[in-house]
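In this note's numbering, the protein residues as written are 413 to 626.
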């Protein structure tokens, strides 16, 4: 497992380095500004030129922050806010956090839209979470409301009810061991915890229990 994580971190680091190299001057030791800016500054020099202004201590902190992010992303995809929280917990300063996460976002190693869409697909399929629950979870993780709303569009009312039906069909036999009324309460409570509206929960539970009586 450790070897697998190390390999992924190495691959991510190589990808980041390659992407940064694509945006850097051909000779990194050449301090001559590139033409393009009306005031004589280098065109498109934003990220690269800032590095020259960093102190040795800031450079070391930036390297530490990058390494933390790479190891976290090797474990699983994460939203920007989650990475920022982890970096802050490790004592990384706000300016460094912002700079490193901006860079990771720019090169595509952080993509909140892709993260949110994948989260919705996975949790809806595997845990039958409702749209409301998925929205709440993503907001809790710090994903922007507009990104959350777009990702949640994947789950329409029909898909949501179908997921609830599959879940209750699976859980009903065990719940019925305690009797129909107890089963009804338990199944309704289950759907409530997964964020389903009351009318959907009642309709699905009554449908499944009626089938059990046939």
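Ideal Cβ positions, reconstructed from N, Cα and C, are used throughout, including at glycine.
Per DSSP, reduced to three states, the secondary structure at residue 585 is helical. For residue 487, the enclosing alpha helix (DSSP H) covers residues 468–487.
With a beta-carbon spacing of about 6 Å, residue 528 and residue 550 fall inside the 8 Å limit used to define contacts. Residue 591 sits in coil when the DSSP states are folded into three classes, being neither helix nor strand. Around the beta-carbon of residue 469, fewer than 16 other beta-carbon atoms lie within 10 Å, marking it exposed. The three-state secondary structure of residue 579, taken from DSSP, is helix. Where residue 535 is concerned, the enclosing alpha helix (DSSP H) starts and stops at 524–539. The beta carbon of residue 508 is closer than 6 Å to those of 473, 474 and 477 in its chain, skipping five residues each way along the sequence. Residue 560 carries a helical assignment under DSSP once its states are collapsed to helix, strand and coil. Per the C-alpha coordinates, the member of 589, 569, 556 and 530 positioned closest to residue 613 is 569. Taking residue 560 as the centre and dropping the five residues before and after it, the same chain places the C-beta of 528, 547, 550 and 551 closer than 7 Å to its C-beta, in chain order. The beta carbon of residue 484 sits closer than 7 Å to the beta carbons of 490, 495 and 498 from its chain, once the five residues preceding and following it are set aside; these are given in chain order.
In the DSSP annotation of this structure, residue 609 is not part of any alpha helix (DSSP H), being labelled neither H nor E. 7 Å or more divides the Cβ of residue 617 from the Cβ of residue 588.
Distances from the alpha-carbon of residue 571 to those of 535, 592 and 601 put 535 closest.
Residue 605 counts as exposed, since fewer than 16 other beta carbons sit within 10 angstroms of its beta carbon.
DSSP places residue 498 in the uninterrupted alpha helix (DSSP H) bounded by 492–501.
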